[in-house]
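Q:
There are 4 protein chains.
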Amino acid sequence: MIKAGIIGATGYAGVELVRILLNHPFVELAAISSVSFEGKKISEIYPSLYGVYDETLSDGDTVIKKSDVVFASLPHGISQPLAKACLGAGKIFIDLGADFRLRDEDTYRKWYDGGFDDKTLHEKAVYGLPEIYAGSIKNAKLIANPGCYPTSAALALYPGLLMGVCEKTGIIIDSKSGATGAGRGLALNTHFAELNEGFSAYKAGVHRHSPEIEQTLSDIAGERISITFVPHLLPVNRGILTTVYAKNKGFSLSRIHEVYSDFYKDAAFVKVLNPGEYANIKNVRMTNMCHISLHLDEHTDTIIITSAIDNMVKGAAGQAVQNLNIVFGLPEDEGLKGTAPSF
Amino acid sequence: MIKAGIIGATGYAGVELVRILLNHPFVELAAISSVSFEGKKISEIYPSLYGVYDETLSDGDTVIKKSDVVFASLPHGISQPLAKACLGAGKIFIDLGADFRLRDEDTYRKWYDGGFDDKTLHEKAVYGLPEIYAGSIKNAKLIANPGCYPTSAALALYPGLLMGVCEKTGIIIDSKSGATGAGRGLALNTHFAELNEGFSAYKAGVHRHSPEIEQTLSDIAGERISITFVPHLLPVNRGILTTVYAKNKGFSLSRIHEVYSDFYKDAAFVKVLNPGEYANIKNVRMTNMCHISLHLDEHTDTIIITSAIDNMVKGAAGQAVQNLNIVFGLPEDEGLKGTAPSF
Amino acid sequence: MIKAGIIGATGYAGVELVRILLNHPFVELAAISSVSFEGKKISEIYPSLYGVYDETLSDGDTVIKKSDVVFASLPHGISQPLAKACLGAGKIFIDLGADFRLRDEDTYRKWYDGGFDDKTLHEKAVYGLPEIYAGSIKNAKLIANPGCYPTSAALALYPGLLMGVCEKTGIIIDSKSGATGAGRGLALNTHFAELNEGFSAYKAGVHRHSPEIEQTLSDIAGERISITFVPHLLPVNRGILTTVYAKNKGFSLSRIHEVYSDFYKDAAFVKVLNPGEYANIKNVRMTNMCHISLHLDEHTDTIIITSAIDNMVKGAAGQAVQNLNIVFGLPEDEGLKGTAPSF
Amino acid sequence: MIKAGIIGATGYAGVELVRILLNHPFVELAAISSVSFEGKKISEIYPSLYGVYDETLSDGDTVIKKSDVVFASLPHGISQPLAKACLGAGKIFIDLGADFRLRDEDTYRKWYDGGFDDKTLHEKAVYGLPEIYAGSIKNAKLIANPGCYPTSAALALYPGLLMGVCEKTGIIIDSKSGATGAGRGLALNTHFAELNEGFSAYKAGVHRHSPEIEQTLSDIAGERISITFVPHLLPVNRGILTTVYAKNKGFSLSRIHEVYSDFYKDAAFVKVLNPGEYANIKNVRMTNMCHISLHLDEHTDTIIITSAIDNMVKGAAGQAVQNLNIVFGLPEDEGLKGTAPSF
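Which chain is which? The protein sequence lines are C, G, Z and A, in order.
Numbering-wise, the numbering used here puts 176 at position 174 of the first sequence, and it's gapless, one number per residue.
Numbering-wise, the numbering used here puts 150 at position 148 of the second sequence, and it's gapless, one number per residue.
Numbering-wise, the numbering used here puts 126 at position 124 of the third sequence, and it's gapless, one number per residue.
Numbering-wise, the numbering used here puts 332 at position 330 of the fourth sequence, and it's gapless, one number per residue.
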């Protein structure tokens, strides 16, 4: 049994990790921690775990000591010393935060406050989007688990950019996320009566996930890609739907569909829907799946790609476990096979 | 592997059975049927199953032939011939509908149209609420899976009535159910813009689950119990919260809590919350759990019990699988151990 | 034009008062205040008012000085000095908080922290539930606007208790309120991802509105009435549905319906629905209406009354304006005639 | 008093017209009709009107006879004979359906089944988007009230295209609509448990509102404009948020903001939000307002415009009343001044 620990287990991504790891046949949840709730049982914070998992929340050091692999789900800036401690102790570190996602320190400085404390550490970090970087993930000790929006955008554009189906310029990414993406911290925009029956964009063109999306798309395209990214906040708990607009390079919809279907035919977690079907966040809830649907506006020759993921699973905790599986040589979908609820 | 089949697999309870059985380690889903969608893949109806379970929907006869145990999730009145066919062929029949729940034919006639086609069949039927009737379920061939409201009400009142904590008269049961309880059939009261931001009672005092609740409570109390039952429709997908009001027989809240906690201490699926906590439908979603919280209005000496279940799991498909486990000698919670999502 | 001011205009009840008073043909909104947002425009806090009402928030003293009638929508304990100042300056004071609702100081002390600073002030206070106390309201200078739950419960029971339709003992009041009832202050139970798809009771038997409900019902019945009251939190923005259970004194449903219909036939804001119909919060949203539906469980002889109000209108701001109309000799429904949205 | 009638009063747009016209000081609601519910009171269909407006639904002929101005809210294809009858009888006809929105018959044939029965009738039709076509509306007898999506898109792009702020090619329009846009007719995609917690695109690039949007934008630009339009279905009752992406022609965000603010400074119903603010559907609910927010992605030089309207008010019934006001020489906002609810 792999001993896994979670630092920051009481945030939404943290407790989703708990849910998934409790169901994983080859993982034992060795320790969990929380700064805010240290000493309490996690089931006091989340009564859904009452009688199921009543473990007491400890501190980060204990988690590192007891675990073979440490997941951290923390605000940005805190993971760097933890990663160092883990790697020093010979543990695998999977960071669900943003500290190791961007390879370029200047870009990091521009979008986050603070820089790279230890560059060698950042050089070891592998960006944990398995559909694209599985090769590097296999041997990684330090994995930067991708952001939720970047996951949905990269999977939507990966075959299109790589296979030359769409143009590399003028890509528009219009994303809509459920409320858990904003976390468990109280804020007016996620106060029930404010968000319910409401809908708006936020951080249009200036969201921190923009450079992360561009880094991955540039890797795929083999050249510097710039995109326009606008996130919106949906009055639902879970899910991201991303609608991508890209200029067609002259293909028919059926050919585009064929390219995508072939490309992802062996992907455990990406399903290309049939022509005429639409990706919907409700069909991937609680699973690590990404549904992709393809559409073509013929009169402007624009490819429209929509991708749906559960922001807390494929967009966070599930993908982190997928990375664990790869690192430990398990089947990629171990512990992640649960069927989606249909409602 | 136990071969299980589902007749009526495309209704909400049917597809929830699919979800649960696909995750059951000792069950193989042998066949599924649907009158409305025969010949189609179930994943065309529910895209959440796309690439996960793409089985074609057949007919009832095929399901019976291929299965050791047949679940039927159908409108009332249709299960009787199916039950006969199953028992004749030596199969177990677990009915999620209402045909075999009421033991008294006159009561059945009063609340449903039609009577008992074959009384010997009804004599064989066992009411499948395992926390109360596990002894009879073990040897049953024909199980009447309880209604969702009756499950939530009976579990809330079982220790109270059996142990003499509350009076047997004047019990009020005020229940609130999510929209899936009304099924997948289109109706104005479950049209999105009508139900969203709305809330009302329905069938106050005249819901068909009233006699079913009374049958079970009378079994518990050892005498004829009459209750007042009012259901309400909640603008959520899943869950029933039932608030029960019963006259206290002189106990302190801590004593009542002790009685309930002791009573259910070995129950796999019933958790009595700590004093001061409240049962909430969100904490039992997608699980077979029933959360119970206990409260006392001292100035009127009224016990207030709230119970929360997922109407589609403990209130339907999960309980049906719990019954399967009991009949086949498996641990009661086999295939039902999935941790609840926390949001 | 009557000059009205609002102290505490940026809470949900306060801004609902703004909405209603802006539409009132005989009222001029003279000044508004907020401790948290003094100096800002209210439309910065509520963009729904942008370009419609961009008034700057001042302080309480300014509001009192500029107004003929002062509404206060504040946490309990703060209204007493304001009331004194208003009455001293010859202004009408309408308090949407709890400070003056309970006539008995011991009861107040038991449920709230603090007592009556000035008893003569409390003797002048009139409980502003117009359907019951219109006679006293007419000449009042200090009006205690009722709580939302007490309004819904009292209107449901008023004819039944007064006309001797139901027993005076054993009354159960099961209420369900939308999220705005918990205010605009951030809290975990009204964080979107916690409340959405959730539902539970809270403060069962121990909510501060219990003694307020009992005070009014005792006035109606002419004797001390004790009730059991349990509130629940609904995942909707607006509305309270209250389900009342009371023992029938031997009447048929049609007779009960007749009594209620006759009783409320001239009430501007109470509508008794036809037999078979159910009160629904969606049908009274944004209006001062109370819908009442009547049901009878014949086999236990229990009368079931459901009442629906908008918690922020008839349960707060609308009722406060109804009180203003009565005090100033205007038609009771002046400024409150707006038709409900149907969705 | 202007005598107004509504043909198709029981659809969502129809009953919203009822709500608005009942509050209009210079309009008398002379007659209403419904094919499905003829002979019933409208308050039986919509209990929100119970005791407020209990008028009986008649037929189309009666409505035409009794009215000076007839609103029709019907499926496409039915309005043409009604328009003819109205104009023949000297009545004003305001069509909320699609029959008269497209000026080009070939385009109409391509997107709708059927053609123009009477071309002279279509030549008389004026497209009723007052912010753009007020001059023609003034003298119109036959007004084609715009679609909801086209209204939100045209108002977002009007100043930008007219003043040369953005390029005329490559415009992307990503819209998200509440469920009432799909009407009151029952359908699986608006069944509560299907839409709640779900979100997806539909008719990507092939929605009937595409040619209507292009017709208006081409009018503005003075040349043929092609756009890419993708609608999505939101789990809320009301509102459309449209996010527009257009190439900047070299302006700073503050200059773009200035252009828009100046342009709309006298518009009764269009508010340009301050820099940094975001248009949100919750802030325009129940009103005829359109909120517009402006953003600039500097690194790709893309202007991002978001516009929020209530799809049933500015997107349907409210705009129809705005048109009535213009035709009858009333202030444009007569009967449309109601303040938005803040939640």
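From the three backbone atoms N, C-alpha and C, an ideal C-beta is built for every residue, glycine too.
Report all residues from its chain with a CB closer than 8 Å to the CB of S35 (chain G); omit the five preceding and five following residues, and keep chain order.
A: On the second sequence, residue 35 (chain G) is found 33 positions in, with the first residue counted as 1. The residues are G7, I8, I9, G10, A11, L59, S60, D61, G62, T64 and V65.
Q: Let me see if you follow: with CB-CB separation under 8 Å, is C195 (chain G) close to chain A or not?
A: Taking the second sequence and counting its residues from 1, the one referred to as residue 195 (chain G) is at position 193. Note that residue 195 (chain G) corresponds to Ala in the displayed sequence, not to Cys. Chain A, which has a Cβ nearer than 8 Å to the Cβ of A195 (chain G), makes this yes.
Q: As an exercise, report each continuous beta strand (DSSP E) stretch of at least 3 residues that is fully enclosed by the region 148-236 of chain Z, in chain order.
A: 173-179 and 229-235
Q: Pull the bridge partners of K5 (chain A) from the DSSP assignment, please.
A: Here the question's residue 5 (chain A) lines up with position 3 in the fourth sequence. DSSP, once it has assigned bridges, lists A:E30 as partnering K5 (chain A).
Q: Name, in chain order, the residues that DSSP records as bridge partners for T308 (chain Z).
A: For this step, residue 308 (chain Z) is matched to residue 306 along the third sequence. T308 (chain Z) is bridged to Z:T245 and Z:S295.
Q: Sort out for me which residues DSSP pairs N239 (chain A) with in a bridge.
A: As a position in the fourth sequence, residue 239 (chain A) is number 237, starting the count at 1. The partner list for N239 (chain A) (beta bridge, DSSP) is empty, contrary to what the question assumes.
Q: From this set, A:R186, A:D312 and A:N327, which residue's C-alpha is nearest I96 (chain A)'s C-alpha?
A: Taking the fourth sequence and counting its residues from 1, the one referred to as residue 96 (chain A) is at position 94. Comparing Cα-Cα distances from I96 (chain A) to each of A:R186, A:D312 and A:N327, the minimum goes to A:N327.
Q: Expressed to the nearest angstrom, what Euclidean distance is found between the alpha-carbon atoms of R105 (chain G) and Y48 (chain A)?
A: The count along the second sequence starts at 1 and reaches residue 105 (chain G) at position 103. The count along the fourth sequence starts at 1 and reaches residue 48 (chain A) at position 46. Approximately 41 Å between the Cα atoms of the pair.
Q: Secondary structure at V37 (chain C), three-state DSSP: helix, strand or coil?
A: Taking the first sequence and counting its residues from 1, one reaches residue 37 (chain C) at position 35. Coil.
Q: At 9 Å on the CB atoms, spell out the chain Z contacts of V261 (chain G), in chain order.
A: Counting from one through the second sequence, the residue named residue 261 (chain G) turns up at place 259. Going along chain Z, no residue has its Cβ under 9 Å from V261 (chain G), so there is no contact; the nearest lies around 18 Å.
Q: Beta-carbon within less than 6 Å of S154 (chain Z)'s beta-carbon, same chain only, minus the 5 sequence neighbours each way: which residues are those?
A: Reading the third sequence from its first residue, position 152 is the one you call residue 154 (chain Z). Cβ neighbours of S154 (chain Z) beyond the five flanking positions: I242, T244, S309 and I311.
Q: Evaluate D101 (chain C) with the Cβ neighbour count: other Cβ atoms within 10 Å of its Cβ, from every protein chain shown; 16 or more gives buried, anything less gives exposed.
A: Translated into the one-based positions of the first sequence, residue 101 (chain C) becomes position 99. Its Cβ being crowded by 16 or more others within 10 Å, D101 (chain C) is buried.
Q: Assign Y262 (chain C) to one of three DSSP states: helix, strand, or coil.
A: Here residue 262 (chain C) refers to the residue found at position 260 of the first sequence. In this structure, Y262 (chain C) counts as helix in the three-state DSSP scheme.
Q: What are the start and end residues of the alpha helix (DSSP H) that includes V17 (chain C)?
A: Stepping through the first sequence from its first residue, residue 17 (chain C) is reached at position 15. Note, V17 (chain C): alpha helix (DSSP H), Y14 to L24.
Q: One question on the structure: do K273 (chain Z) and M288 (chain Z) come within less than 8 Å of each other, judged by their Cβ atoms?
A: Numbered from 1 along the third sequence, position 271 holds the residue referred to as residue 273 (chain Z). Numbered from 1 along the third sequence, position 286 holds the residue referred to as residue 288 (chain Z). No.
Q: Return yes when the Cβ of E30 (chain Z) is within less than 8 Å of the Cβ of K5 (chain Z), no when it is not.
A: Taking the first residue of the third sequence as position 1, residue 5 (chain Z) is located at position 3. Taking the first residue of the third sequence as position 1, residue 30 (chain Z) is located at position 28. For the 8 Å CB-CB criterion, K5 (chain Z) and E30 (chain Z) form a contact.
Q: Quick check on S1 (chain A): buried or exposed, where buried means 16 or more other Cβ atoms within 10 Å of its Cβ?
A: Any question about residue 1 (chain A) goes unanswered here, given that chain A covers just 3 to 345.
Q: So, helix, strand or coil for L89 (chain Z), using DSSP?
A: If you number the third sequence from 1, residue 89 (chain Z) lands on position 87. Here L89 (chain Z) sits in helix by DSSP.
Q: In whole angstroms, what separates the C-alpha of G320 (chain Z) from that of I80 (chain Z)?
A: Indexing the third sequence from 1 puts residue 320 (chain Z) at position 318. Indexing the third sequence from 1 puts residue 80 (chain Z) at position 78. Answer to the nearest angstrom: the Cα atoms are 22 Å apart.
Q: Please work out which residues of its chain come closer than 8 Å, Cβ to Cβ, to V238 (chain A), disregarding the five sequence neighbours upstream and downstream, and give them in chain order.
A: On the fourth sequence, residue 238 (chain A) is found 236 positions in, with the first residue counted as 1. So the qualifying residues of the chain are G180, A181 and I283.
Q: Between I294 (chain Z) and L157 (chain Z), which are expected to be in contact by the criterion C-beta below 8 Å, what is the C-beta distance as a whole number of angstroms?
A: Counted from its first residue, the third sequence places residue 294 (chain Z) at position 292. Counted from its first residue, the third sequence places residue 157 (chain Z) at position 155. Yes, I294 (chain Z) and L157 (chain Z) are in contact; Cβ-Cβ is about 7 Å, under 8 Å.
Q: Give the interface partners of L24 (chain G) over in chain C, defined as CB-CB distance under 7 Å, in chain order.
A: Walking along the second sequence from the start, residue 24 (chain G) turns up at place 22. The answer, in chain order, is T341.
Q: Could you check whether the Cβ of A281 (chain C) sits closer than 8 Å to any Cβ belonging to chain A?
A: By 1-based counting over the first sequence, the position of residue 281 (chain C) is 279. A281 (chain C) counts as touching chain A.
Q: Taking only heavy atoms of the ligand PLP into account, decide whether any of them is closer than 7 Å to the Cβ of P83 (chain A).
A: With respect to the ligand PLP, the structure offers nothing, as it holds no ligand at all.
Q: What residues in its chain sit with their C-beta under 7 Å from that of A136 (chain C), if we drop five residues either side in the sequence?
A: Here residue 136 (chain C) is taken as the residue at index 134 of the first sequence, counted from 1. I328.
Q: Does the region 185-196 of chain G come close enough to the region 188-196 of chain A that 3 or more CB-CB pairs lie under 8 Å?
A: yes
Q: Name the DSSP bridge partner or partners of V72 (chain A)?
A: Residue 72 (chain A) sits at position 70 when you count from the first residue of the fourth sequence. In DSSP, V72 (chain A) forms a bridge with A:G7 and A:F95.
Q: Taking Cβ to Cβ, would you say G207 (chain C) is nearer than 8 Å to V232 (chain C)?
A: For this step, residue 207 (chain C) is matched to residue 205 along the first sequence. For this step, residue 232 (chain C) is matched to residue 230 along the first sequence. Closer than 8 Å, so yes.
Q: The region 160-184 of chain Z: which residues have C-beta closer than 7 Å to a C-beta of chain C, in chain order?
A: A181 and T182
Q: Three-state secondary structure (DSSP) at T289 (chain Z)?
A: Here residue 289 (chain Z) refers to the residue found at position 287 when the third sequence is read from its first residue. Coil, per DSSP.
Q: Considering only C-alpha positions, which residue in the set G:G53, G:K178, G:N325 and G:T171 is nearest to K339 (chain C)?
A: Translated into positions along the first sequence, residue 339 (chain C) becomes position 337. Measuring from the Cα of K339 (chain C), the nearest candidate turns out to be G:G53.
Q: As a quick exercise: from Z:I215, Z:S212, Z:G337 and Z:V323, pick the residue whose alpha carbon is nearest that of L98 (chain Z).
A: Locating residue 98 (chain Z) in the third sequence gives position 96, where the first residue counts as 1. L98 (chain Z) has its Cα closest to that of Z:V323, out of Z:I215, Z:S212, Z:G337 and Z:V323.
Q: At 7 Å on the CB atoms, spell out the chain A contacts of P237 (chain C), in chain order.
A: In the first sequence, residue 237 (chain C) corresponds to position 235, counting from 1. Here the neighbours are P237 and V238.
Q: What residue from G:L332, G:V261 and G:E57 has the CA that sits closest to K42 (chain G)'s CA?
A: To locate residue 42 (chain G), count along the second sequence from 1; it is residue 40. Considering only alpha carbons, the answer is G:E57.
Q: Decide if G183 (chain Z) is buried, meaning its Cβ has at least 16 other Cβ atoms within 10 Å, or exposed.
A: Residue 183 (chain Z) sits at position 181 when you count from the first residue of the third sequence. Per the 10 Å Cβ criterion, buried.
Q: So with Cβ pairs under 8 Å, would you call R111 (chain A) a contact of chain G?
A: Stepping through the fourth sequence from its first residue, residue 111 (chain A) is reached at position 109. Chain G contact via Cβ: absent.
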